[in-house]
Each structure stands twice: as structure tokens, then as C-alpha cells.
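A short write-up of the structure that comes next.
In the working numbering, the protein residues as written are 771 to 958.
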């Protein structure tokens, strides 16, 4: 597992050892995620929820995000995120929190521009997290949810809609935006 592009390009990242629920995002899916938002990253505040090794948030930082909040309930994952942030030189821009997603989202005081969700599959965690996440997002924000291809997410919820679904083998990424904001971003 490595950083694909940006200031930390090519840096190898640690993974969480022996954790059955941690499934690192493949480079192919990661590239699709960041291609979909490539012009929206610079200077933005990012959330890597269900962070695992932190590879998605670190990729965002490498591509110019101002800061990233990494949240995960597993202490082992948080230790790996800290090491990866240090190894890539992003410790200063990283806010690493060891909390369950619901407690983190209820207590977070910041608004996010980009949210990256890659929870363990088959636990319906995205469906539980989205209603708590929407109020923490800026109106022009984007939420990217990685999930198994058979997972059905609500098309629209709380003024947010699935703008597109990226499909790669057994993995899909649903991209949520507020519809009135989508026209402004796409027209740039």
C-alpha cells in the first residue's frame, strides 16, 4: 500500500496487522475516488471516517488538503494512522481520534469539505453514519462512501443525493452531494 500521487507520492504505508475487519482500499479504487474529486481537494478540510490505516486521508493530504481528521474506534488502527502520518510528514495537518464514529460525529465542532467513508463491509455502518455526518458537512461538500457492490444506500437523504456511483469489480463508491451545489462545482 502506497501514496499514489502528490507530495508524498510513492511512500509506503503501514497496514493494520491481523485485523479481520480492515480491508485496505486498492490502488485502483483509490485512484477512482481521487479522480472524481481531483479539483476539490486543495486547501480543504477532510474527514477519513473508519480510518483503518489512514491511507485515504493521507492521500488527500498528499494532494493538497489543508487538514484531515482521522477517526477510528480501534486503538490498533489509530496507532497505524499516527505512524503513517509521521512517515509521510503530515503529523501537523492530522487530527487523529480514537472514538466510535457516532461519538466522534456527535462531538465534532468542525465542518468538513470532503468525507471519505470506508467502513468494514456488511455492517450497515454507512447507513448509520450518514444522518450524523450530513450536519457536519459544508453545503458544497462531497461524501464518498466505499462499499460492497451489492450494498444499497439511500439515493437521497437530508438534502443530499447520490451524484454518481463508481464501480470497480466487487467494490462501489457512492458519491453524495447537495444537488444545488453540484451544478456550481461541475460548471467550473
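The C-beta atom is built at its ideal place from N, Cα and C for all residues, glycine as well. The structure displayed is predicted, hence computed values, not measured ones.
Where the beta strand (DSSP E) through residue i begins and ends
i           : result
residue 815 : 815 to 819
residue 882 : 882 to 887
Beta-ladder partner(s) of residue i, from DSSP
i           : result
residue 936 : 943
residue 839 : 817, 865
residue 912 : 884
residue 917 : 942
residue 772 : 782
residue 931 : 926, 947
Unbroken alpha helix (DSSP H) run spanning residue i, endpoints
i           : result
residue 805 : 797 to 806
residue 895 : 895 to 903
residue 829 : 825 to 832
residue 856 : 845 to 858
residue 878 : Neither: residue 878 is in no alpha helix (DSSP H) and is coded neither H nor E.
Chain-order list of residues whose beta-carbon lies under 6 Å from that of residue i (same chain, five-residue window excluded)
i           : result
residue 955 : In this prediction, residue 955 scores a pLDDT of 46, lower than 50, which makes its location untrustworthy; the coordinate-derived value is nonetheless stated afterwards. Correct list: empty, nothing qualifies.
residue 934 : 945
residue 958 : Low per-residue confidence applies at residue 958: pLDDT is 43, beneath 50, and the placement is therefore not dependable enough to give any value.
residue 863 : 831, 837
residue 799 : 938, 941
residue 775 : none
residue 913 : 885, 946
Close beta carbons around residue i, own chain, < 8 Å, minus the five adjacent residues each side
i           : result
residue 783 : 771, 772, 773, 823, 824, 825, 828, 854, 857, 858
residue 925 : 931, 932
residue 779 : 773, 832
residue 902 : 871, 872, 875, 876
Rounded Cβ spacing between residue i and residue j (contact assumed at less than 8 Å)
i           : j           : result
residue 802 : residue 938 : 6 Å
residue 882 : residue 815 : 5 Å
residue 871 : residue 843 : 7 Å
residue 896 : residue 923 : 6 Å
residue 818 : residue 840 : 5 Å
residue 785 : residue 850 : 7 Å
Near the ligand COA: residue i beta-carbon under 8 Å from a heavy atom
i           : result
residue 896 : The ligand COA is not among the ligands present in this structure, which contains no ligands whatsoever.
Same chain, Cβ closer than 7 Å to residue i, neighbours up to 5 away in sequence not counted
i           : result
residue 889 : 820, 895, 896
residue 900 : 927
Taking contact to mean at least 3 C-beta pairs separated by less than 8 Å, is the segment 793 to 808 in contact with the segment 824 to 839?
-> yes
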